[in-house]
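*Asks:* Quick note: the sequence shown uses the numbering used here, first residue 3, plus one each step.
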Amino acid sequence: APAINYQNLAAMGMLLFAVTAIISAGALARDLESGVAHVLYPAIIHEKRYFCGKYIGGVLVNLAVVLGYPLGILLFSFLGTGASEQFGPAPLGQLLHGFFILTVPNLVFLVTFSVFLVVMFRKSAAAYIGVLLIFICFLIAVSTRSESSHVLLVELLDPFGYCSVKHITDKMDMLELNTAYLPVSTAL
């Protein structure tokens, strides 16, 4: 169902927090800590180009990782795990919509934040601690979502948009859950 795909794509930020820090910050921090980056600045490329290249490379590698979910959903009915009539048509439009409004912004945010922290502090531990703090905000938002009378505050505390998506899908009826596109709210 499209609603489940939207929730999973929003929750993917929870999994991305560690992956982006390891992939993006790890490579850049190794270059900075070992001194390779300082050799490359004057010799081959300018510092700005170096960091931009590392950033774009981190985004592209992480994008390749997160494409696994939508591709898996699309290919699942062809894997032979059951009869083809057991699976309905894949909600391609909703899957692409959710990917571009939830997963891609989460990915860009986490990679940017990780690279920023490594550049500022010159240690990969800064990126790991930074994304851990973001993850703690997510956990606080998710754990207080159902009891809170301040729904907007909880949705804004959630850096991945999961609480907003959950709030929107909780209000949908069965037909909307199975066919509708996720309406974009101000908190999302």
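For each residue, glycine too, the CB sits at the ideal point set by N, CA and C.
Please report the Cβ distance between residue 126 and residue 20, rounded to the nearest whole angstrom; I am assuming they are in contact, meaning their Cβ atoms lie under 8 angstroms.
*Replies:* Contact flag wrong, Cβ pair sits at about 12 angstroms.
*Asks:* I'd like the list of long-range same chain contacts for residue 130, defined as Cβ closer than 6 angstroms, with 5 residues on each side in sequence excluded.
*Replies:* 23
*Asks:* Under 8 angstroms, do residue 153 and residue 169 count as touching if we go by C-beta distance?
*Replies:* yes
*Asks:* Could you round the C-beta distance between residue 159 and residue 143 to whole angstroms and report it? I think they count as a contact, below 8 angstroms.
*Replies:* About 4 angstroms; that satisfies the 8 angstroms criterion.
*Asks:* Assuming residue 250 contacts residue 116 under a Cβ cut-off of 8 angstroms, what Cβ separation, rounded to an integer in Å, is found between them?
*Replies:* No information on residue 250 is available, as it lies outside the stretch 3 to 190 that the chain covers here.
*Asks:* In the DSSP assignment, find the unbroken alpha helix (DSSP H) run with residue 77 in it and report its ends.
*Replies:* 70-77
*Asks:* Taking the beta carbon of residue 137 as the centre, do at least 16 other beta carbons fall within 10 Å, making it buried, or is it exposed?
*Replies:* buried
*Asks:* Might you give, ordered along the chain, the residues of its own chain that have their beta carbon closer than 8 angstroms to the beta carbon of residue 95, omitting 5 neighbours on each side?
*Replies:* 183
*Asks:* Secondary structure at residue 92, three-state DSSP: helix, strand or coil?
*Replies:* coil
*Asks:* From which residue to which residue does the alpha helix (DSSP H) around residue 181 run?
*Replies:* 176-181
*Asks:* Within a Cβ cutoff of 6 angstroms, which residues of the same chain sit near residue 13, ignoring the five residues on either side of it in sequence?
*Replies:* Excluding residues within five positions, the ones whose Cβ falls inside 6 angstroms are 164.
*Asks:* At the level of alpha carbons, what is the spacing between residue 102 and residue 174?
*Replies:* 21 angstroms
*Asks:* What residue range does the alpha helix (DSSP H) around residue 15 cover?
*Replies:* Per DSSP, residue 15 is one residue of the alpha helix (DSSP H) stretching across 4-22.
*Asks:* Whose C-beta lies closer than 6 angstroms to the C-beta of residue 105 among residues of the same chain, with five residues either side of it excluded?
*Replies:* 11, 14, 68
*Asks:* Tell me the start and end of each unbroken alpha helix (DSSP H) in the stretch 96-151 that is at least 4 residues and wholly inside, in chain order.
*Replies:* 106-123, 126-146
*Asks:* For the alpha helix (DSSP H) that contains residue 171, what are its first and last residues?
*Replies:* 164-172
*Asks:* Assuming residue 92 and residue 56 form a contact by the criterion Cβ under 8 angstroms, report the distance between their Cβ atoms to the nearest whole angstrom.
*Replies:* Between residue 56 and residue 92 the Cβ distance is about 35 angstroms, and since that is not below 8 angstroms, they are no contact.
*Asks:* Three-state secondary structure (DSSP) at residue 61?
*Replies:* helix
*Asks:* Under the rule that 16 or more other beta-carbon atoms within 10 Å means buried, what is residue 26, buried or exposed?
*Replies:* The residue in question, residue 26, is buried, as its Cβ has 16 or more Cβ neighbours within 10 Å.
*Asks:* For residue 110, which of 6, 177, 161, 99 has the nearest alpha-carbon?
*Replies:* Of 6, 177, 161, 99, the residue nearest in Cα terms is 161.
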